[in-house]
Amino acid sequence: MALSFHVRSNSFPSRQHPQATHVDEQLSRLRSSKETTTASSSSICQRLSNLQDLHDSLDKMLRLSITQQTLSQEQIEMILDGSIKILDLCNVSKDGLSQMKESLKEIESILRRKRGDLSAEIKKYLASRKSLKKSFQKVLKNLKTGHNKNKESLAVFGEAEAVTVSLFECMFTFMSGTKSCGKWSLVSKIMSQNKAACEDAENEFTRVDLECQSEKSLKIEDVQNLNSCIEDLEDGIELLSKSLIKYRVSILNI
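Counting from 0, one number per residue, gives the positions in the sequence shown under numbering that gives the first Met the number 0.
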């Protein structure tokens with residue numbers, strides 16, 4: 000797709016600015032990775048990194064005088080609203096991951112020391128998981144309601160928002176562990192309807208969920224792997240959040 004701005008004047012130069020070309024290339028890579036890459040913790044972290052780079056590039060584009068001259072006030076406000084929505088998604092993700100990590104810390108300690116009330120900690124962990132899935136259910140419903148609303152007029156900025164939201168939809172599905180969602184069938188149904196939903200394959204989250212159903216099968220190695228996965232996701236989301244904040248400041252400065 001050739002990158003373009005929908006502008007108020009027909010005097011915008013036909014030749015693309017190099018920064019605009021760079022953003023278009025990044026979007027193409029993100030679209031391609033979404034369509035061809037099987038969801039895994041490593042692929043999601045890579046896409047988070049790519050989104051960080053994309054928003055850094057969008058931030059540079061917004062600083063260009065030609066960009067500021069061609070965006071209408073309505074478009075600027077829509078871009079600003081989109082940035083708030085994505086930051087909210089980052090915060091929901093970080094809060095959920097932080098709760099899970101805290102619960103897993105106690106479970107790992109008991110498994111390592113071989114003493115303590117493992118059953119009680121597993122119950123706390125599963126309760127945390129249930130709360131997390133409910134939060135994701137609410138977020139996904141809101142995303143479905145507002146999807147693609149007036150985004151066609153925003154060209155590259157609207158597409159960047161859509162690609163970013165798509166990743167969070169996939170990440171929420173991945174973190175929910177679709178194979179262990181029997182008690183939360185509504186969440187599974189919503190997620191399975193999403194075109195960007197991850198495959199129903201066992202991952203770090205699903206594996207520990209399943210093992211928690213049978214306390215004796217819970218392995219410390221799987222708990223540690225899940226902790227490592229959570230930390231990687233937290234790092235990726237935190238870096239993306241920082242890029243989004245810079246991007247948002249540039250929007251406010253126009």
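By construction, the Cβ of each residue, glycine as well, lies at the ideal position given by its N, Cα and C atoms.
Three or more C-beta pairs below 8 Å linking the region 27–44 and the region 160–180: Between the region 27–44 and the region 160–180 there are three or more inter-stretch CB-CB distances shorter than 8 Å, so the stretches are counted as touching.
Alpha carbon of S92 to alpha carbon of F173, nearest angstrom: A straight-line Cα-Cα distance of about 12 Å links S92 and F173.
For N202, the three-state DSSP class (helix, strand or coil): If DSSP states are grouped into helix, strand and coil, N202 belongs with coil.
DSSP-derived helix/strand/coil call for A311: Residue numbering for the chain in the displayed model covers 0 to 253; residue 311 lies beyond these limits and cannot be assessed.
Buried/exposed call for R247, threshold 16 Cβ in 10 Å: Here R247 is buried. Its C-beta has 16 or more other C-beta atoms within 10 Å.
Beta-carbon spacing of E214, L117 below 8 Å: Yes, they are a contact pair.
Backbone secondary structure at D208 - three-state DSSP: In the structure shown, the three-state DSSP call for D208 is helix.
Straight-line Cα distance separating S27 from G235: Between the C-alpha atoms of G235 and S27 there is a straight-line separation of about 20 Å.
Rounded C-alpha distance that separates I83 from N90: Rounded to the nearest angstrom, the gap between the Cα atoms of I83 and N90 is 11 Å.
Own chain residues within Cβ distance below 8 Å of S97, not counting five before or after: Around S97, the same chain offers E233 as residues with beta carbons nearer than 8 Å, after the five sequence neighbours per side are excluded.
Chain-order list of residues whose beta-carbon lies under 6 Å from that of T264 (same chain, five-residue window excluded): Limits of the chain in this structure are 0 at one end and 253 at the other, which puts residue 264 out of reach.
Selection from S40, S108, H54 that minimises the alpha carbon distance to H21: Closest in alpha carbon position to H21, among S40, S108, H54, is H54.
Distance between beta carbons of N226 and T100, contact taken as under 8 Å: The identity of residue 100 in the sequence shown is Lys, whereas the question assumes Thr. Rounded, the Cβ-Cβ distance is 6 Å, consistent with contact.
CA nearest to the CA of L131, picked from R46, T69, D58, D208: For the set R46, T69, D58, D208, the Cα lying nearest the Cα of L131 is the one of D208.
Closer than 7 Å: M174 CB and nearest the ligand SAM heavy atom: Among the ligands in the structure shown, none appear at all, so the ligand SAM cannot be discussed.
Spatial distance of G81 from K245 (CA atoms): G81 and K245: Cα-Cα distance of roughly 14 Å.
Start-to-end residues for the alpha helix (DSSP H) that takes in S216: If you look at S216, you'll find it isn't in any alpha helix (DSSP H); DSSP assigns it neither H nor E.
K122 versus Q136, K113, I106, residue with shortest Cα-Cα distance: Minimum Cα distance to K122 is reached at I106.
Neighbour-count burial assignment, A159, 16 or more Cβ in a 10 Å radius: A159 counts as buried, since at least 16 other C-beta atoms from the protein chains shown sit within 10 angstroms of its C-beta.
Where Q16 sits in the DSSP three-state scheme: It should be noted that the sequence gives His, not Gln, for residue 16. In the structure shown, H16 falls within a coil segment according to DSSP collapsed to helix, strand and coil.
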